[in-house]
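In the UniProt record's numbering, the protein residues as written are 1 to 315.
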């Protein structure tokens with residue numbers, strides 16, 4: 001009796017780019033070099049959000065079909081992810097940041113986990129983020145709570161972490177592969193049925209927390225997120241977002257307010273809003289004064305004024 005050939009699952013890769021420079025090309029080359037014998041990469045879709053650099057020049061994915069979508073304006077991360085996913089048809093979707101690089105065995109390791117029967121109820125998979133020296137970086141996060149944000153705003157997450165846990169799970173807190181609240185969006189592998197059931201990422205998030213929101217909605221629908229410790233991914237981190245300067249915090253405030261009013265009780269969401277316009281700006285302004293960073297004072301006030309204007313206009 002002839003044994004039928006084993007079917008290799010297929011994944012489509014979606015990369016959202018905004019001024020990632022050389023990192024985008026490095027990311028594509030890492031996908032090409034990866035062992036794809038156990039997880040076939042059927043297509044790579046790069047969605048560019050109106051980059052002003054040369055990151056799109058000379059892109060190539062060798063034997064993998066490459067689709068490049070050029071948005072005339074920056075439509076935000078969630079919208080661009082959904083754009084890319086709409087061009088894909090494989091059973092798996094891998095959302096990959098342009099400042100990441102796969103290790104040769106990253107895809108093969110995840111493929112072995114995918115074949116494990118106990119993991120059939122897992123809808124989202126993530127890997128171990130490492131720096132250029134292979135040192136572990138932030139790979140997972142907790143679902144945010146009012147206490148988490150209060151600790152972050154005041155620094156109490158560093159003084160009393162037992163009472164005020166950080167949003168991100170520190171590498172030393174992870175003891176091996178297993179279910180987590182959320183794997184970070186730099187390497188975010190999703191089963192297509194889950195993505196379709198949740199109608200993709202919520203496009204009300206321009207940047208930040210769209211992956212947290214997705215993981216929370218998946219959890220409520222009965223799908224877990226799973227951290228795969230052996231699946232290493234080099235993550236440079238903040239290559240694009242660092243170009244935003246103080247406006248990174250504006251986008252974060254908008255996203256966390258959206259998340260709170262979408263997923264928390266109204267009293268807790270309004271409590272976060274109160275902290276956001278009182279405790280947090282006072283702490284940030286005081287820190288700027290103590291460090292002698294006088295230029296930050298005006299920029300901080302401008303960011304909070306813009307946030308209040310956004311909130312009054314109905315979020």
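Note that CB positions come from ideal geometry on N, CA and C, so glycine has one too.
Cα-Cα separation between residue i and residue j, rounded to whole angstroms
i           : j           : result
residue 3   : residue 39  : Only weak support is given to the placement of residue 3: the predicted model assigns it a pLDDT of 49, under 50, and the question is left unresolved by the model.
residue 92  : residue 107 : 12 Å
residue 202 : residue 217 : 10 Å
residue 60  : residue 292 : 47 Å
residue 287 : residue 296 : 10 Å
residue 1   : residue 10  : Low confidence applies to residue 1: its pLDDT is 49, below 50, so where it sits in the model is not reliable, and the reading given next is rough at best. For residue 1 and residue 10, the distance between alpha carbons rounds to 27 Å.
residue 300 : residue 237 : 23 Å
residue 110 : residue 302 : 44 Å
residue 266 : residue 31  : 44 Å
residue 130 : residue 235 : 6 Å
residue 46  : residue 79  : 13 Å
residue 212 : residue 24  : 24 Å
residue 73  : residue 207 : 14 Å
residue 310 : residue 205 : 13 Å
residue 29  : residue 44  : 11 Å
residue 175 : residue 240 : 30 Å
residue 294 : residue 27  : 38 Å
residue 58  : residue 289 : 46 Å
residue 193 : residue 50  : 30 Å
residue 263 : residue 180 : 18 Å
residue 19  : residue 76  : 13 Å
residue 167 : residue 151 : 9 Å
residue 86  : residue 163 : 42 Å
residue 88  : residue 284 : 43 Å
residue 269 : residue 8   : 45 Å
residue 112 : residue 248 : 37 Å
residue 273 : residue 115 : 44 Å
residue 304 : residue 81  : 28 Å
residue 312 : residue 231 : 44 Å
Unbroken alpha helix (DSSP H) run spanning residue i, endpoints
i           : result
residue 297 : 295-312
residue 25  : 22-33
residue 159 : 156-159
residue 327 : Absent from the model: residue 327. The displayed extent of the chain is 1 to 315, so no value can be given.
residue 258 : 247-263
Range covered by the beta strand (DSSP E) that runs through residue i
i           : result
residue 10  : 10-17
residue 126 : 122-130
residue 225 : 224-235
residue 40  : 40-49
Whole-Å CB distance - residue i paired with residue j, under 8 Å assumed
i           : j           : result
residue 271 : residue 146 : 6 Å
residue 90  : residue 42  : 5 Å
residue 48  : residue 71  : 6 Å
residue 169 : residue 124 : About 15 Å; that fails the 8 Å criterion.
residue 55  : residue 126 : Actually they do not touch by this definition, with Cβ atoms about 24 Å apart.
residue 128 : residue 233 : 7 Å
residue 221 : residue 197 : 6 Å
residue 153 : residue 279 : 6 Å
residue 250 : residue 307 : 6 Å
residue 229 : residue 177 : 5 Å
Proximity test, Cβ basis, 8 Å: residue i and chain D
i           : result
residue 221 : Although the question refers to chain D, the structure presented lacks it and comprises just one protein chain.
> Taking three-plus beta-carbon pairs below 8 Å as touching, is the segment 185-202 in contact with the segment 149-166?
Replying inline: Taking 8 Å as the limit for Cβ pairs, the verdict is that the segment 149-166 does not touch the segment 185-202.
> Hey, is the segment 61-71 in contact with the segment 131-144, meaning 3+ C-beta pairs nearer than 8 Å?
Replying inline: No, the segment 61-71 does not touch the segment 131-144.
> Between the segment 83-103 and the segment 242-251, do at least 3 Cβ pairs fall closer than 8 Å?
Replying inline: Not touching, per the Cβ criterion.
> Counting pairs of Cβ atoms below 8 Å between the segment 248-267 and the segment 116-135, do you hit three or more?
Replying inline: The segment 248-267 and the segment 116-135 do not touch, with fewer than 3 CB-CB distances between them shorter than 8 Å.
>> So within the segment 57-108, which uninterrupted alpha helix (DSSP H) runs reach at least 4 residues, ignoring any that extend past its ends?
In response: Those alpha helix (DSSP H) runs which fall completely within the segment 57-108 and span 4+ residues are 77-86.
>> So within the segment 166-227, which uninterrupted alpha helix (DSSP H) runs reach at least 4 residues, ignoring any that extend past its ends?
In response: Counting only runs of 4 or more, we get 192-197 and 210-220.
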